[in-house]
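> Numbering (this note's numbering), first residue to last: 25 to 647.
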Ligand code: G6P
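1. What residues are listed by DSSP as bridge partners for residue 209?
2. Of the choices 65, 443 and 324, whose alpha-carbon is the least far from that of residue 118?
3. According to DSSP, which residues form a beta bridge with residue 75?
4. Leaving out five residues on either side along the sequence, give the residues of the same chain with a beta carbon under 6 Å from the beta carbon of residue 639.
5. On the criterion of 16 or more Cβ atoms from any shown chain inside 10 Å, does residue 543 qualify as buried, or is it exposed?
6. By Cβ distance, which residues of its chain are closer than 6 Å to residue 278, with the 5 residues on each side in sequence left out?
7. DSSP on residue 424, reduced to helix/strand/coil?
8. Please report the Cβ distance between residue 83 and residue 57, rounded to the nearest whole angstrom; I am assuming they are in contact, meaning their Cβ atoms lie under 8 Å.
9. State the beta-bridge partners of residue 245 as determined by DSSP.
10. Answer yes if the stretch 353 to 366 comes into contact with the stretch 403 to 422, meaning at least three C-beta pairs across the two stretches below 8 Å, and no otherwise.
11. What's the call for residue 419, buried or exposed, on a 16-neighbour Cβ count within 10 Å?
12. Within the same chain, show all residues whose beta-carbon is closer than 6 Å to that of residue 595, passing over the 5 residues directly before and after it, in chain order.
13. When we look at the beta-carbon of residue 587 and count the other beta-carbons within 10 Å, is it buried (16 or more) or exposed?
14. Would you report the Cα separation of residue 557 and residue 605, rounded to the nearest angstrom?
15. Any heavy atom of the ligand G6P closer than 8 Å to the CB of residue 648?
16. Is residue 285 near the ligand G6P, with its Cβ less than 8 Å from a heavy atom?
17. Go ahead and pull the three-state DSSP assignment for residue 355.
18. Within a Cβ cutoff of 7 Å, which residues of the same chain sit near residue 352, ignoring the five residues on either side of it in sequence?
19. Considering only heavy atoms of the ligand G6P, does any lie closer than 8 Å to the CB of residue 419?
20. Let me know if residue 197 comes out buried or exposed under the rule of 16 or more other beta-carbons within 10 Å of its beta-carbon.
21. Spatial neighbours of residue 262 within its chain, please: C-beta separation below 6 Å, excluding the five flanking residues on both sides.
22. Below 6 Å CB to CB, which residues in the same chain sit around residue 622 once its five sequence neighbours on both sides are set aside?
23. Is residue 217 closer than 9 Å to residue 247 when the C-beta atoms are compared?
24. With a 10 Å radius around its C-beta and 16 neighbouring C-beta atoms as the bar for buried, classify residue 637 as buried or exposed.
25. Hey, is residue 523 close to the ligand G6P, as in C-beta under 8 Å from one of its heavy atoms?
26. When you compare the stretch 607 to 626 with the stretch 472 to 482, are there three or more beta-carbon pairs, one atom per stretch, that lie closer than 8 Å?
27. Would DSSP call residue 106 helix, strand or coil?
28. Among residues of its own chain, excluding the 5 on either side of residue 36, which ones have a beta-carbon nearer than 6 Å to its beta-carbon?
29. The alpha helix (DSSP H) with residue 286 in it runs from where to where?
30. Beta carbon of residue 414: closer than 8 Å to some heavy atom of the ligand G6P?
31. Beta carbon of residue 250, beta carbon of residue 32: below 9 Å?
32. Ignore the nearest five residues each way along the sequence and tell me which others in residue 123's own chain have a CB closer than 6 Å to its CB.
33. Could you tell me which residues DSSP puts in a beta bridge with residue 306?
34. Cα separation between residue 30 and residue 194?
35. Within the stretch 613 to 642, note down every full beta strand (DSSP E) run reaching 3 residues or more, in order along the chain.
36. Measuring only the C-alpha atoms, how far is residue 440 from residue 93?
See below:
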C-alpha cells in the first residue's frame, strides 16, 4: 500500500506555507515510508510547468537524486512512496506518472482493476506507455479530460467514473498551479488544514509536522485544494462536506499512523488486507481468475497431491488451507514446516503442487524447500506479500497477498491475507477441476467479501479482551485449544503470546488434551478455547463444548471464543468472546483476531516492545 502526500502553499513566499513544496512533501514521505518503500517520487508545479523526480528503492535514493538534481522552488507539490503491485519496483514504474504532454502528473494508491481494458483502448488510440503500472492509464485519461473540460476537478470526476477497483489519486496540472485534485474510493485520503496552506495525505502522518487540524473525506469523493480553499464533491458532482477533526497525538506517534505500535496498526489494518487480497480476482462473468497463475490448467488438473511449505505464522495459514482445499477440491494436502520438508527426502513428483507461503518471500528455510521441490520435478506456487522477492521469483507461479508492508516482526495482517489467498487458490482449483459448480464458488466468494466488515466488527468490540489481557500481565502460562480449523488458530494464538509477551503458551488440538496435555491444567490455569459454529457439523461443536467442560472441571479459567448466538458454551465459560457468524471454514479469519489483540495488549501491559520482540527478526534469511 502506497503513501501519498500533497501540499499547496502561497506562491511568491518562503517558509512554512511558501514555495518549499518539495521539502514539505519529502518530510511527509518520510513519515509514510512505513507504507511502502519500493520507490519514491515528487512532482512540483511552477509557472513553467510540471517537474518530476522519482527513483526506485527507499526514500534515501530519491533524496540523493534531489541533492544532485534539485526541483525548482514551488508552492504546489505531490509525493508518493510505493508498495509495488502492478509492475516491479523500477524507476519507470515509480510515481508520479505523467501523460504524453508531461503537463499532468498523477500519484495513486490502490489497484485500478479494469486497467487492462482501459490501457488497450488507449494503445489502440495511439497512446504510448512508459511504465507497466495501472496508474499511468489514469494520467493519460486525465490529460485528455483536462483538455476537453479545461477543469481539473471535472476531469478527475470524469476519469473516476471510468475506473473500477480501489484507489486514491492525486493530480496536478501545468494549467492550474496552486491546485491539487484528489479522489478517493475504498482507499484512504485525508485533508490537512493549515494557515495559508493545505495538505493531502494517505493518513495524517503526512502533514502532522505542519497541522493537527484535519478533514476526513467520504467514499467516492473528489477534493480540490488551494492555499485557501478545500472543496469536496461526490463522484456524481453533488457538493459534499468532509468531517473535521483534531489530531490528538504528536508527530512521532504518526509514523505508526497514530497507533501506539506498528503491530496495533497492522491488526487494525486487517479488514483492508483481506479486502485488497480479494480485489480483482473475478472476471466479468464472475469466474474466479488468478492472473499470476502461470502453471497451465492441464498441469493443475493433473495435480494429485499438494504440499504446503512455510515457517512460523505462515505455516499456520497453510494448516487452515489444508482443511479448505481438501474439502473443496478432494486433493490430499500435506502441510510441512519448510525446514523439515527439505531434509526428510519427501515424496514429490511432477504431479505434486508445492505451495510455498511467505510474507517476506525471503525466508531461507522456505527458499530451500522451494528449490528442493523444483529439483524433484514438482511445480511450485508462491503465496507471498512481497513483490519481486526471492520465493515468488524462484517459483513457477505466484499469488500475491495485498496486505501492504508488515513492519511489526510478529505477523498479523499478513496471516489473514495468506489465509484469504489460500481460500482463493482452493476455490480456483475446485472451479478448474470441476469439484464445485460456479454458483457454489460464487457463494463462498460472497461470504469472503463479507469478512472484512466482520473483522472490523470484532475489532470494534474487543475492550473486554484488552481488559482481561491487562489483568493477566503476571500470568506464566496460557493454553489454547481448538479442533478442525480452530486447531491452527489455537496454535497461532499461542505463538503470538510467546513472540510478544514471552509467556509460555501451547496450542493443542482439543481432542489431544486427554492424551496428555490435560495434566498441565491446575486451578486458575487460563485456557482459551476456539469453538466452531454450532451451525456446522453438530458433532464438532458438541465435542469442543465437552472439552471446555473437561478443563473447567479441573479448575481452569475458560476464555471461550464463540459465534454470536451460541448459548451452549455459556454455562462452561468464564468469559465468552463473541465473533460474527460465518462458515466454519472461513472462521479462522475472525477467531484469531481476539487472540492477536490479547497478546499485543498483554505484552504492552508488561512494558515490552511489541514491534521488535527479543531474539526475533522479521525476515529470517539463514537456515
Ligand atoms: C519469522 C517471523 C514470523 C514469520 C516467519 C515466516 O520467524 O518472526 O513472524 O511468520 O518468519 O516469515 P515469512 O516472511 O516467510 O512469512
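Cβ coordinates follow ideal geometry from the N, Cα and C atoms, glycine included.
In terms of the structure at hand:
1. 191
2. 65
3. 68
4. none
5. exposed
6. Note that residue 278 scores 49 on pLDDT, short of 50, meaning its location in the model is unreliable; the coordinates nonetheless yield the value given after this. Around residue 278: 55, 229 and 232.
7. Shown here, residue 424 sits in a strand according to DSSP, grouped into three states.
8. Right, the Cβ-Cβ distance comes to about 5 Å (below 8 Å), so this counts as a contact.
9. 208 and 258
10. no
11. buried
12. none
13. buried
14. Near 8 Å, if we compare the C-alpha coordinates of residue 605 and residue 557.
15. Nothing can be reported for residue 648, as the shown portion of the chain is limited to 25 through 647.
16. no
17. coil
18. 450, 451, 454, 459 and 460
19. no
20. buried
21. Result list for residue 262: empty, nothing under 6 Å.
22. 489 and 493
23. no
24. buried
25. yes
26. yes
27. strand
28. none
29. 286 to 292
30. no
31. Yes, they are a contact pair.
32. These residues qualify, in order along the chain: 163, 164 and 167.
33. DSSP output for residue 306 lists 312 as bridge partner(s).
34. 7 Å
35. none
36. 43 Å
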